[in-house]
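Following: one structure in structure tokens, then a few remarks.
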């Protein structure tokens, strides 16, 4: 198991690029073109993702990382303000923590 | 005969079904009044009904009421969690607090037998608890919009509970129950099948759409009769003022050269000129128009949703905010329409979807099925029967003299 984990361990830039790819797949390329996606981009405000899009985004994370990351469980523990302010950087560091 | 007091919010979509039931109750000889936080034009009221606007008791809150009403325009730009805050914390709870004084005073004076509160107008239920008056709740949208937060998002559930219990304490209700809705009878204006409830709590009654409120809006029926292409009704409801122009610009671009007639309910002033195949009126007799239509485009306001499926029509729903997303999911599940989120609405998809709805019979067939569940739910007759039985039971229980 250790070897697999080590082999798939990604750095924050790789995670960011993967997240960006997932977001593009979820909301559509032409809508992403109008956005400047950065680690500071908030999910609800900047990316304007609705609950359906967040669900399909989290399904992509699950498909990629498997049980290693419980994204939905992590989200469900948040309060309203945390959800409102949720940004890409927070997800990147959460994934990094899960990998270590 | 009984005295029914409807307690309503300043949002017409929520008031509308109560006007229809109120008309039926008045026709049966009951006394019916409405009470709200902003005035309502007499023309909307069924004959014999009265709207109470406790102006003096609301005087100190005028600036705050106007600020909160204006704040609703931000709704379409808000994300899901922000809308939850805007609705519950910034609108429903403060409105309930402001309404208590005028409502309590009027109830002491008129002594209604039953207080019927709209589901977001908590003051009605709170007043009923404080005064020991039987209480019914009306719910114009499919319930469960927020989902089961108790298990899926415990911190959000806790936030809701704290806000409501805080409100209850402030008005003088100190037990641990939630009292913003009736625990005896909650009438929902859709069908159980459409709302997606396999089981329901016993106090929840799905009565389907209700109709019959006065609507005197004039309409150019002759021009409609001359239209030879498929007719598509478009409504954005009474809220959402800020995005109106953008929404209708998309419609014009999509359909100005297409073989369809667009019947739009919006203030024509937003553009100097409309294409020839657009019939535009600020107010329309929507229920009378609907049987002449072939399809509907709307954001998911619930009265338009009910009018659409009551006529077995298919719908393109473009959810923007609030409960629209929940309604959109129900429509896709029932197969009677297509949902494209407003924020991701491409002109080509708008055009292609409308023609798909007009050309592919499967949507109309699914809509006909929903129509039948609406009819079976009983509508006005069922609602009146439930209210009369409820008032009668209350007499038996000694709650009404």
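Chains as they are written, first to last, in the UniProt record's numbering: chain A, 1 to 100; chain B, 1 to 401.
For each residue, glycine too, the CB sits at the ideal point set by N, CA and C.
Keep in mind that this is a model prediction, so the values were computed, not measured.
Which residues in chain A sit within 7 Å of residue i, going by Cβ to Cβ distance?
| i | result |
| --- | --- |
| residue 142 of chain B | Neighbours of residue 142 of chain B on chain A: none; closest Cβ ~16 Å, over 7 Å. |
Applying the 10 Å Cβ sphere with the 16-neighbour rule, what's the burial state of residue i?
| i | result |
| --- | --- |
| residue 392 of chain B | exposed |
| residue 232 of chain B | buried |
| residue 5 of chain A | Low confidence applies here, because residue 5 of chain A scores a pLDDT of 47, under 50, leaving its location unreliable and the question unanswered by this model. |
| residue 308 of chain B | buried |
| residue 82 of chain B | buried |
| residue 1 of chain A | For residue 1 of chain A, the pLDDT reaches just 43, beneath the cut-off of 50, and the residue's location in the model is therefore unreliable, although a value from the coordinates is still provided. Label assigned to residue 1 of chain A: exposed. |
| residue 199 of chain B | exposed |
| residue 150 of chain B | exposed |
| residue 3 of chain A | Low per-residue confidence applies at residue 3 of chain A: pLDDT is 41, beneath 50, and the placement is therefore not dependable enough to give any value. |
| residue 179 of chain B | buried |
| residue 162 of chain B | exposed |
| residue 216 of chain B | exposed |
| residue 236 of chain B | buried |
| residue 395 of chain B | exposed |
| residue 28 of chain B | exposed |
Quick one: list the residues of chain B neighbouring residue i, beta-carbon separation under 9 Å, in chain order.
| i | result |
| --- | --- |
| residue 44 of chain A | 78, 79, 80, 81, 82 |
Quick one: which chain A residues come within Cβ less than 8 Å of residue i?
| i | result |
| --- | --- |
| residue 152 of chain B | 76 |
| residue 164 of chain B | Residues of chain A passing the Cβ test: none, with the nearest at roughly 15 Å. |
| residue 243 of chain B | Per Cβ cutoff of 8 Å: no residues; residue 243 of chain B is ~13 Å from chain A at best. |
Does residue i come out as helix, strand or coil in the three-state DSSP assignment?
| i | result |
| --- | --- |
| residue 207 of chain B | coil |
| residue 236 of chain B | coil |
| residue 95 of chain A | helix |
| residue 34 of chain B | strand |
| residue 340 of chain B | coil |
| residue 52 of chain A | helix |
| residue 1 of chain B | coil |
| residue 256 of chain B | coil |
| residue 127 of chain B | helix |
| residue 151 of chain B | helix |
| residue 267 of chain B | coil |
| residue 231 of chain B | strand |
| residue 42 of chain A | strand |
| residue 348 of chain B | helix |
| residue 272 of chain B | coil |
| residue 308 of chain B | helix |
| residue 18 of chain B | helix |
| residue 7 of chain A | Bear in mind that a pLDDT of 47 at residue 7 of chain A, under 50, signals an unreliable position, so the model cannot answer this. |
| residue 392 of chain B | helix |
| residue 116 of chain B | strand |
| residue 314 of chain B | strand |
| residue 47 of chain B | coil |
| residue 27 of chain A | helix |
| residue 261 of chain B | strand |
| residue 57 of chain A | helix |
| residue 84 of chain A | helix |
| residue 302 of chain B | helix |
| residue 295 of chain B | strand |
| residue 284 of chain B | coil |
| residue 8 of chain B | strand |
May I ask you to check if the CB of residue i is nearer than 7 Å to at least one heavy atom of the ligand SAH?
| i | result |
| --- | --- |
| residue 41 of chain A | What this structure holds is no ligand at all, so the ligand SAH is not there to describe. |
Who are the neighbours of residue i on chain B, taking C-beta pairs under 8 Å?
| i | result |
| --- | --- |
| residue 80 of chain A | 81, 84, 85, 155, 156, 159 |
| residue 48 of chain A | 79, 343 |
Please list, in chain order, the chain B residues whose beta carbon lies closer than 7 Å to that of residue i.
| i | result |
| --- | --- |
| residue 83 of chain A | 81 |
Original post:
Counting Cβ pairs, one atom from each stretch, are 3 or more of them under 8 Å apart for the stretch 333 to 349 of chain B and the stretch 219 to 226 of chain B?
Top reply: no
* Quick check: the stretch 151 to 159 of chain B against the stretch 77 to 86 of chain A, are there 3 or more CB pairs under 8 Å? -> yes
Next on the checklist: If the cut-off is 7 Å on Cβ atoms, which residues from the stretch 323 to 350 of chain B count as contacting chain A, listed in chain order?
Outcome noted: 325, 341, 343, 344
Discussion item. Short of 9 Å Cβ to Cβ, which residues in the stretch 51 to 69 of chain A face chain B?
Written reply: 51, 52, 53, 54
contact_flag[the stretch 58 to 76 of chain A, the stretch 10 to 22 of chain B] where n(CB pairs < 8 Å) is 3 or more
no
**Report entry** chain B contacts from the stretch 23 to 43 of chain A (Cβ-Cβ distance under 9 Å)
**Finding:** 27, 28, 30, 31, 42, 43
Taking 8 Å as the cut-off, does the stretch 52 to 70 of chain B touch the stretch 124 to 140 of chain B (at least 3 CB pairs, one atom from each stretch)? no
Flag this pair as touching only if the stretch 197 to 213 of chain B and the stretch 32 to 39 of chain B have three or more C-beta atom pairs under 8 Å; answer yes or no. no
Any 3 or more C-beta pairs closer than 8 Å across the stretch 48 to 55 of chain B and the stretch 284 to 292 of chain B:
no
* To do: Decide yes or no for the touch test of the stretch 81 to 94 of chain A against the stretch 1 to 14 of chain B: beta carbon pairs closer than 8 Å, at least 3 of them.
  => no
Is there contact between the stretch 48 to 59 of chain A and the stretch 8 to 26 of chain A, where contact requires at least three CB pairs shorter than 8 Å?
-> yes
* Would you say the stretch 374 to 394 of chain B touches the stretch 326 to 334 of chain B, given that touching needs at least three Cβ pairs under 8 Å? -> no
Any contact of the stretch 77 to 92 of chain B with the stretch 308 to 328 of chain B, i.e. 3+ C-beta pairs under 8 Å? yes
Exercise. Does the stretch 353 to 366 of chain B come close enough to the stretch 382 to 398 of chain B that 3 or more CB-CB pairs lie under 8 Å?
Worked result: no
Next on the checklist: When you compare the stretch 133 to 148 of chain B with the stretch 171 to 185 of chain B, are there three or more beta-carbon pairs, one atom per stretch, that lie closer than 8 Å?
Outcome noted: yes
With a threshold of 8 Å, are at least 3 pairs of Cβ atoms found where one atom belongs to the stretch 190 to 198 of chain B and the other to the stretch 112 to 126 of chain B? no
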